[in-house]
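Using numbering that gives the first Met the number 0, the letters of the sequence shown correspond one by one to residues 0 to 303. C-beta atoms are modelled at their ideal positions from N, C-alpha and C, and glycine is treated no differently.
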Amino acid sequence: MWFKNLQLFRLTKPFTLTPEELHEQLSRRTSRSCGTLEPSTYGWTAPLGRSSEQLTHAASGYIMVCARTEEKVLPPAVIREVLDEKVAQVEDQEARTVRRKEKEEIKQEVLLDLLPKAFSKSNLTYAYIDPKAGWIVVDSASASKAEELVSLLRETLGSLPAVPVAVQCAPASILTQWVNGQAIAKNFVLEDQCELRDPNHEGSVVRCTKQDLLTDEIQTHLKAGKQATKLAVEWNEHLSCILSDDLSIKRLRFLDIIQEAAAEEANDAASRFDADFALMTLELSHFIPAVLEAFGGEDESALD
Numbered sequence: 000m001w002f003k004n005l006q007l008f009r010l011t012k013p014f015t016l017t018p019e020e021l022h023e024q025l026s027r028r029t030s031r032s033c034g035t036l037e038p039s040t041y042g043w044t045a046p047l048g049r050s051s052e053q054l055t056h057a058a059s060g061y062i063m064v065c066a067r068t069e070e071k072v073l074p075p076a077v078i079r080e081v082l083d084e085k086v087a088q089v090e091d092q093e094a095r096t097v098r099r100k101e102k103e104e105i106k107q108e109v110l111l112d113l114l115p116k117a118f119s120k121s122n123l124t125y126a127y128i129d130p131k132a133g134w135i136v137v138d139s140a141s142a143s144k145a146e147e148l149v150s151l152l153r154e155t156l157g158s159l160p161a162v163p164v165a166v167q168c169a170p171a172s173i174l175t176q177w178v179n180g181q182a183i184a185k186n187f188v189l190e191d192q193c194e195l196r197d198p199n200h201e202g203s204v205v206r207c208t209k210q211d212l213l214t215d216e217i218q219t220h221l222k223a224g225k226q227a228t229k230l231a232v233e234w235n236e237h238l239s240c241i242l243s244d245d246l247s248i249k250r251l252r253f254l255d256i257i258q259e260a261a262a263e264e265a266n267d268a269a270s271r272f273d274a275d276f277a278l279m280t281l282e283l284s285h286f287i288p289a290v291l292e293a294f295g296g297e298d299e300s301a302l303d
């Protein structure tokens with residue numbers, strides 16, 4: 000249940016749907032299995048899993064939703080092998096070379112032939128809506144996957160004014176200052192992992208793990224012009240994560256004191272889910288503003 004990554008979207012208008020009203024809207028686009036010739040499907044499923052039919056889960060004013068992707072698995076090696084056989088067959092029978100355009104047409108035929116025989120796999124992406132503070136928070140390491148969920152929500156509701164979060168200061172500049180030994184934001188503590196990139200030389204990257212980031216070795220890279228684009232931190236002795244220059248938050252880990260508090264309130268799987276969700280959103284309601292403040296606050300001009 001605990002989110003491991005955060006992608007943040009700012010709601011630019013109030014979100015007024017109740018959990019019950021949102022469930023009714025989401026029920027128009029529930030997840031389903033792929034059809035015979037469908038490569039993938041995307042829809043909403045119950046956050047609580049098979050134990051519930053409710054497409055929303057609400058606690059303390061927050062609303063959780065869950066999107067489910069199902070896609071056919073067609074290994075590229077299999078496609079390539081069948082395609083090569085069919086191309087070779089045409090070339091042998093007709094004594095000519097198959098050109099690129101025709102090869103693409105044959106490839107599409109191969110895909111249509113293989114799709115009904117392919118296995119399917121599914122993936123879940125969780126998110127929660129914070130109507131009071133105006134956030135959509137998606138648990139995804141991929142910005143594109145998070146945008147897919149928000150786009151699905153927008154399509155389902157007909158309209159959803161939400162944009163990726165923007166801040167006043169360049170995150171890489173702030174992270175670099177912290178690694179450079181300058182004052183770090185309140186309640187944040189450097190850990191032992193970072194990624195340094197040279198903005199003027201693509202591919203020039205240094206990744207450090209289990210290392211004191213204030214050593215001369217790291218400072219030498221900074222003096223050479225590299226900037227911190229990923230930085231491991233601990234916040235308020237409650238959670239740790241990696242802050243990134245694209246404002247994504249990855250490898251989020253809630254420390255034992257928080258998870259133990261949730262466990263004490265749970266009697267069964269459903270109540271444990273509810274307790275986890277309530278405590279997680281409570282912590283993030285303080286952590287997210289702290290991150291934005293560390294980067295100079297939100298850039299409100301990006302909301303226009």
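Three-state secondary structure assigned by DSSP to residue i
i           : result
residue 129 : strand
residue 92  : helix
residue 38  : coil
residue 286 : helix
residue 112 : helix
residue 203 : coil
residue 2   : coil
residue 247 : coil
residue 183 : coil
residue 178 : helix
residue 97  : coil
residue 213 : coil
residue 150 : helix
residue 273 : helix
residue 236 : coil
residue 172 : helix
residue 140 : coil
Cβ neighbours of residue i in the same chain (closer than 7 Å, five flanking residues each side left out)
i           : result
residue 302 : 9, 11 and 162
residue 135 : 8, 10, 126, 128, 149 and 161
residue 190 : 231, 232, 233 and 239
residue 89  : 97
6 Å Cβ shell around residue i - same chain, five flanking residues per side excluded
i           : result
residue 296 : 167
residue 203 : 197
residue 137 : 6, 126, 145 and 148
residue 184 : 293
residue 192 : 208 and 231
Those residues which DSSP pairs with residue i across a bridge
i           : result
residue 135 : 8 and 128
residue 121 : 69
residue 192 : 208
residue 226 : 196
residue 161 : 10
residue 256 : Answer is none; residue 256 lacks a bridge partner.
residue 231 : 241
residue 297 : 166
Same chain, Cβ closer than 8 Å to residue i, five either side skipped, listed in chain order
i           : result
residue 298 : 165, 166 and 167
residue 179 : 218 and 221
residue 72  : 117, 118, 119 and 120
What are the complete alpha helix (DSSP H) segments, minimum 4 residues, inside the stretch 16-91?
-> If only uninterrupted alpha helix (DSSP H) runs of at least 4 residues are considered, those enclosed by the stretch 16-91 are 18-25.
Is there contact between the stretch 121-137 and the stretch 62-69, where contact requires at least three CB pairs shorter than 8 Å?
-> Result yes; three or more Cβ-Cβ pairs closer than 8 Å.
Okay, do the stretch 153-164 and the stretch 97-115 touch, 3+ Cβ pairs below 8 Å being the bar?
-> Remark: fewer than three beta-carbon pairs, one from each stretch, lie closer than 8 Å, so the stretch 153-164 and the stretch 97-115 are not flagged as touching.
Are at least three pairs of beta-carbons, each pair with one atom in the stretch 217-228 and one in the stretch 175-183, less than 8 Å apart?
-> The stretch 217-228, when compared against the stretch 175-183, does touch it at the 8 Å Cβ threshold.
Between the stretch 243-250 and the stretch 139-148, do at least 3 Cβ pairs fall closer than 8 Å?
-> A contact exists between the stretch 243-250 and the stretch 139-148.
At least 3 beta-carbon pairs within less than 8 Å: the stretch 79-95 vs the stretch 31-38 = By the Cβ rule, the stretch 79-95 does not count as touching the stretch 31-38, because fewer than three pairs are nearer than 8 Å.
Quick check: the stretch 227-235 against the stretch 272-280, are there 3 or more CB pairs under 8 Å?
-> Between the stretch 227-235 and the stretch 272-280, the count of Cβ pairs shorter than 8 Å is below three; the stretches do not touch.
Is the stretch 230-239 close to the stretch 282-291, with three or more CB pairs under 8 Å?
-> Flag = yes, the stretch 230-239 and the stretch 282-291 touch.
Taking one C-beta from the stretch 39-57 and one from the stretch 20-29 each time, how about it: are there three or more such pairs within less than 8 Å?
-> Contact annotation: the stretch 39-57 touches the stretch 20-29, with at least three C-beta pairs closer than 8 Å.
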